[in-house]
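The sequence shown begins at 1 in the UniProt record's numbering and counts up one residue at a time.
Ideal Cβ placement from N, Cα and C applies to all residues, glycine included.
Note sheet for the following structure.
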Amino acid sequence: MTISGNRPSKAVAFLFQRVKASALLQDNRLLASGNEAPVALRAARMVLPRGRMPHASVILLATVVAIFSLVPLGFIGWVTYDVGWETVRALVFRPRVGELLVNTILLESITIPLSIALAVTLAWLTERTDIPLARLWAWLAIAPLAVPAFVHSYAWVSLIPGMRGLQSGVFVSVLAYYPFLYLPVAAALRRLDPAIEDAAASLGLNPWRVFFRAVLPQLRLAICGGSLLIALHLLSEYGLFVMIRFDTFATAIVDQFQSSYNSPASNTLGGVLVACCLFLLGFEVLVRGNERYARVGSGSPRPADRRRLGWFVVPAVLLPVILAILTLGVPLVTLGRWLYLGGTDIWRIEVGSAFLQTIVLAIVGGVLATIAAAPMAWLSVRAPGRLQRVLEACHYYVGSLPGVVVALALVTITVRLVLPLYQTFATLLVAYVLLFLPRAMVGLRASIAQAPVELERAAMGLGRTPGQAVRQITMRLAAPGAAASVALAALGITNELTATLMLSPNGVDTLATKFWSLTSEIDYVSAAPYAFMMVVLSLPLTLMLYTQSKRTAGQ
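Shown next, in the form of structure tokens:
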């Protein structure tokens, strides 16, 4: 293999040449001394100094981050112990909690099946049929992710002021969240081997039975993963359901917090919400099962043939067209209408100030989340094991918790233990790091896995310390993945609402919080510029997700 091109490539080639020359020199010296037997072993030890890898220090850093990520769970245990079991039982086992639980169960049990049916149907049409303009419909299917969920609600409430209750909540939730299912299902369909479907058809199964018996089981992992993501978003969503006046645990916790800071009622509701999150995680593992679907044998799978729709092409095209109108047309037309009615007067200096503050918080929070995720990402690739799996679970679980629970935990800790940190930038940034740590982990771990470990060992063989080898070699090669992790976390921070509302210092307004304060005053015209800027900032994330899903399928 020839290494050429830019400076990092030349540096890698130089490292290999130096290590090879050192190994040959050592071999000649050992042969000259008559010590032939251990030549290979000693040279290997010199080139691959496994014992010098910085596992201990990295494990220590990852453990510190894992302990911080356990703060929300520790908060729940602390609240239970502090208020006493009798108080907890009185606050949990009451009609209000039962009402919120029924609302949550109904919302989840209706929204998720509808989202599955919609996403699977749309993915099948765009990936496996000859529907016209398939690439355009595929892009429009994930474009709703660029519109925050509470902006979807804002658009529909502006259009139909009487929207409220469970039905409206299900309708808007499906429109806002079904792309989380479409993305993994469409990616899975691109990777499926059509030979399995051909074998099923050769056994006499009609196309419908082939789909349900041969294709749908292979989509189980994608469906379970996307459904879990939607279920967790439904638990944590606040703005969407407040605007349509549908009570959930998240809305009740924020309302209770705003009426009385650090009250036992809001804390115990947070504990119930965490229990719901853990139940969903366990239920998803149970439904997902242990089955794996993979192609074995020689050769490679051929691309799937697209089925001809025939006369069904008209209703097939109507589905993505109607979805595009509902998910993109209504929000964009509503925003355009309010922007037109407001004219240039609504583009005041506060919009620029909120934009700058959002960008600063997003970039700083994204960088800090990526730095905090780096030790665990390196360990998961370089030193897998039981301890690594435990620490990695601590890093990932916190991403499933609603922002309101993380904010409640930090409010309680700062008020009771370190009052000067209450409602400061430091506390807000800690919340962002905890909430978006899993996002930073995903991209960074993938990039570190593509950096050969032999380069670290070669650098250490040339006299670099383990820390220098990781910083100068691995992290430089993983820089594109780190930049993507920063972008993903930053864009998540841009649209974060509940934790920012509860923790932001006085005088600090992000696009999301400023938008929310204006919509709470029914000033939809003045809120439109903030919603528009959030959509603009979210577009790169949507494009990144679409591109990544194509790369996963090798397209």
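Between residue i and residue j, how many whole angstroms is the CB-CB distance? I'm expecting something under 8 angstroms.
{"i": "residue 436", "j": "residue 489", "result": "4 angstroms"}
{"i": "residue 108", "j": "residue 234", "result": "6 angstroms"}
{"i": "residue 439", "j": "residue 485", "result": "7 angstroms"}
{"i": "residue 510", "j": "residue 361", "result": "6 angstroms"}
{"i": "residue 526", "j": "residue 346", "result": "5 angstroms"}
{"i": "residue 331", "j": "residue 151", "result": "6 angstroms"}
{"i": "residue 338", "j": "residue 528", "result": "4 angstroms"}
{"i": "residue 257", "j": "residue 165", "result": "About 24 angstroms separates the two Cβ atoms, so there is no contact after all."}
{"i": "residue 240", "j": "residue 172", "result": "6 angstroms"}
{"i": "residue 497", "j": "residue 238", "result": "6 angstroms"}
Mapping DSSP to helix, strand and coil, what is residue i?
{"i": "residue 307", "result": "strand"}
{"i": "residue 42", "result": "Residue confidence is low: residue 42 scores 42 on pLDDT, short of 50, so the model does not pin down where it sits. No coordinate-derived value is stated."}
{"i": "residue 129", "result": "strand"}
{"i": "residue 241", "result": "helix"}
{"i": "residue 357", "result": "helix"}
{"i": "residue 497", "result": "coil"}
{"i": "residue 345", "result": "helix"}
{"i": "residue 48", "result": "Because residue 48 carries a pLDDT of 42, less than 50, the predicted location of this residue cannot be relied on, and the following value inherits that uncertainty. Coil at residue 48, not helix or strand."}
{"i": "residue 592", "result": "Nothing in the structure corresponds to residue 592, since the chain is present only between 1 and 555."}
{"i": "residue 424", "result": "coil"}
{"i": "residue 377", "result": "helix"}
{"i": "residue 255", "result": "helix"}
{"i": "residue 193", "result": "coil"}
{"i": "residue 249", "result": "helix"}
{"i": "residue 544", "result": "helix"}
{"i": "residue 283", "result": "helix"}
{"i": "residue 94", "result": "coil"}
{"i": "residue 235", "result": "helix"}
{"i": "residue 32", "result": "Residue placement at residue 32 is poorly supported in this model, since its pLDDT is 43, which falls under 50; the coordinates still yield a value, given next. Three-state result, residue 32: helix."}
{"i": "residue 399", "result": "helix"}
{"i": "residue 217", "result": "helix"}
{"i": "residue 442", "result": "helix"}
{"i": "residue 103", "result": "helix"}
{"i": "residue 562", "result": "Residue 562 is absent from the structure shown; the chain starts at 1 and stops at 555."}
{"i": "residue 70", "result": "coil"}
{"i": "residue 328", "result": "helix"}
{"i": "residue 16", "result": "Residue placement at residue 16 is flagged as unreliable, the pLDDT there being 42, under the threshold of 50; the coordinate-derived value follows with that caveat. Note: residue 16 maps to helix in three-state DSSP."}
{"i": "residue 529", "result": "helix"}
{"i": "residue 264", "result": "helix"}
{"i": "residue 186", "result": "helix"}
{"i": "residue 315", "result": "helix"}
{"i": "residue 53", "result": "Note that residue 53 scores 48 on pLDDT, short of 50, meaning its location in the model is unreliable; the coordinates nonetheless yield the value given after this. Coil at residue 53, not helix or strand."}
Is residue j closer than 8 angstroms to residue i when the C-beta atoms are compared?
{"i": "residue 402", "j": "residue 259", "result": "no"}
{"i": "residue 270", "j": "residue 80", "result": "no"}
{"i": "residue 500", "j": "residue 146", "result": "no"}
{"i": "residue 280", "j": "residue 250", "result": "no"}
{"i": "residue 153", "j": "residue 244", "result": "yes"}
{"i": "residue 192", "j": "residue 215", "result": "yes"}
{"i": "residue 76", "j": "residue 274", "result": "yes"}
{"i": "residue 389", "j": "residue 453", "result": "no"}
{"i": "residue 494", "j": "residue 358", "result": "yes"}
{"i": "residue 433", "j": "residue 393", "result": "no"}
{"i": "residue 186", "j": "residue 138", "result": "yes"}
{"i": "residue 379", "j": "residue 503", "result": "no"}
{"i": "residue 144", "j": "residue 118", "result": "no"}
{"i": "residue 170", "j": "residue 110", "result": "yes"}
{"i": "residue 469", "j": "residue 456", "result": "yes"}
{"i": "residue 127", "j": "residue 189", "result": "yes"}
{"i": "residue 62", "j": "residue 334", "result": "no"}
{"i": "residue 131", "j": "residue 316", "result": "yes"}
If we count the other Cβ atoms within 10 Å of its Cβ and call it buried at 16 or more, is residue i buried or exposed?
{"i": "residue 341", "result": "exposed"}
{"i": "residue 561", "result": "Not covered by the structure: residue 561. The range shown for the chain is 1 to 555."}
{"i": "residue 478", "result": "buried"}
{"i": "residue 386", "result": "exposed"}
{"i": "residue 120", "result": "buried"}
{"i": "residue 418", "result": "exposed"}
{"i": "residue 184", "result": "buried"}
{"i": "residue 95", "result": "exposed"}
{"i": "residue 89", "result": "exposed"}
{"i": "residue 116", "result": "buried"}
{"i": "residue 521", "result": "exposed"}
{"i": "residue 167", "result": "exposed"}
{"i": "residue 124", "result": "buried"}
{"i": "residue 564", "result": "No information on residue 564 is available, as it lies outside the stretch 1 to 555 that the chain covers here."}
{"i": "residue 506", "result": "exposed"}
{"i": "residue 56", "result": "exposed"}
{"i": "residue 365", "result": "buried"}
(Q) Restricting to runs no shorter than 4 residues, where is the alpha helix (DSSP H) found entirely within the stretch 444-525? (A) 453-461, 466-469, 479-494, 498-503 and 511-520
Q: Run through the stretch 108-183 for me and flag every whole alpha helix (DSSP H) of 4 or more residues, listed as ranges in chain order.
A: 134-142, 149-159 and 165-177
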